[in-house]
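Enquirer: Take a look at the following structure, please.
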Amino acid sequence: MNAAIYRAREYFGRETFGLLILMAIMVVCFSLATPQFLTAGSLSSIGFQAPLLGVLTLAMLAPMISGGLNLAIIYTANISGLTLAWVLLQFGGPEAGVFAIIVGSLAALAVGTVAGAVMGAVIAYVGAHPILVSLAMMIFLRGLGEFLTRGGDISGFPPHLAFLGHGSFLGLPMPLILFGIVALVWHIMLRRARHGFAVYMVGSNIRATEYSGIDTKRTLVLIYALSGTLCAVAGILMAARFNSVRVGHGEALLLVTVLAIFLGGIDPFGGHGKVAPVVLSVLILQILTSGLNLIGANQHLATAVWGLFLIAVMILRSEQFLAVVNFFFRKRP
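In our numbering, the protein residues as written are 126 to 458.
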């Protein structure tokens, strides 16, 4: 038994294997607690709700691996969504066609990318700390968004955009398909591309990376620019899901993305982390939320459980706990 567990753990990796076990336990527990959990409607709901958190979490991933942080992901997403909404309004709002959606989406992606690139440039060339830079950008984007919308929201989008947030293709929710594509691209970029190698190097030791000949400043700018691009994708998805855009949309998701990052095994000091465990951690958090809702638990209980999850993750990652696990699951002769 121990040998089989050891082989599975080696095949999937420590973080992925542990998260798969946790997910299986949660699915079994919620299935026993309510017959409504393993139904097509419940699973479809998870498929529609999890991708937004997933895309925002992936936007946080590369900055965290590089040893930084992007606190502006929510407001970058919202300002990108406002850009999309403004373009759609110029083309007639609910009457806008596919061309307007494409133009608005490209404009939203450009705005998100520029916002991220500005943060990366300040971090790289000024030497300011990522927390301070992203906090300043967060405050700026929030104020700008409230100024432009006067604290209100913009609603009334064409049906073609709603299909991205509520439609299905081959039986799969469109948001889930979008999340899968983004996760695959991010996995390839981080594990196969030269930029991904530079991201891990910067997170491990930025000084040594400079001496090795890698342009760390360019890498940092690109890290945050791509993070902004993903934020824009999340902003487009939010507009499609909610049929409206507002500066405060998704504010509560910021801390949840950090929780998903830590649950996915990302080292907060940088240099280590993979996409697959992060994707699993997003699904676990959504399963937790959906399961608690189905059993009639108070909505605030999910927030409390998320906090307990974070504490549990820190305990499970402690050197003392890992030493015990390695003792029981080490390969025996």
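Quick reminder that beta carbons are idealized off the backbone N, C-alpha and C, glycines included. Every value quoted in this text rests on a predicted model; they were computed, and no experiment measured them.
1. Less than 9 angstroms between the beta carbons of I264 and V236, yes or no?
2. Going straight from the alpha carbon of L260 to that of A197, what length do you get?
3. What is the DSSP secondary structure of P298, counted as helix, strand or coil?
4. Quick check on DSSP: helix, strand or coil for S280?
5. Classify G179 as buried or exposed, calling it buried when 16 or more other Cβ atoms lie within 10 Å of its own Cβ.
6. If I'm right that T182 touches A350 with Cβ under 8 angstroms, what's the distance once you round it to whole angstroms?
7. Spatial neighbours of K399 within its chain, please: CB distance less than 6 angstroms, with the 5 preceding and 5 following residues excluded, ordered by chain position.
8. Mapping the DSSP letters down to three states, classify V372 as helix, strand or coil.
9. Only counting the same chain, and skipping five residues up and downstream in sequence, which positions put a Cβ closer than 7 angstroms to that of V407?
10. Indicate whether A249 and L345 have their beta-carbon atoms separated by less than 9 angstroms.
11. With 16 other CB atoms within 10 Å as the buried threshold, where does Q215 fall?
12. Using CA atoms only, rank isn't needed, just tell me which of L257, S169, I256 and A187 is closest to R316.
13. Can you have a look at F162 and say buried or exposed, based on whether 16 or more other CB atoms are within 10 angstroms of its CB?
14. Less than 9 angstroms between the beta carbons of I361 and L194, yes or no?
15. At which residues does the alpha helix (DSSP H) containing F265 begin and terminate?
16. Based on the DSSP output, what are the partners of S293 in its beta bridges?
17. Does the beta carbon of L234 fall short of 8 angstroms from some heavy atom of the ligand HEM?
18. Which residue marks the beginning of the alpha helix (DSSP H) containing N418, and which one marks its end?
19. Between which two residues does the alpha helix (DSSP H) harbouring G179 extend?
20. Any Cβ of chain C within less than 9 angstroms of the Cβ of G217?
21. Along the chain, where does the alpha helix (DSSP H) that runs through S230 open and close?
22. Buried or exposed: which applies to G390, given that a residue is buried once 16 or more other Cβ atoms fall within 10 Å of its Cβ?
23. For T141, count the other beta carbons within 10 Å of its own beta carbon; 16 or more makes it buried, fewer makes it exposed. Which is it?
Expert: Walking through what the data contain:
1. no
2. 6 angstroms
3. strand
4. strand
5. buried
6. Not really, about 18 angstroms apart at Cβ, beyond 8 angstroms.
7. none
8. coil
9. A175, L178, G179, T182 and A385
10. yes
11. exposed
12. A187
13. buried
14. no
15. P255 to T274
16. P298
17. This structure simply doesn't include the ligand HEM, nor any ligand for that matter.
18. V400 to L419
19. A165 to I190
20. The structure shown has no chain C; it contains just one protein chain.
21. V223 to A246
22. buried
23. buried
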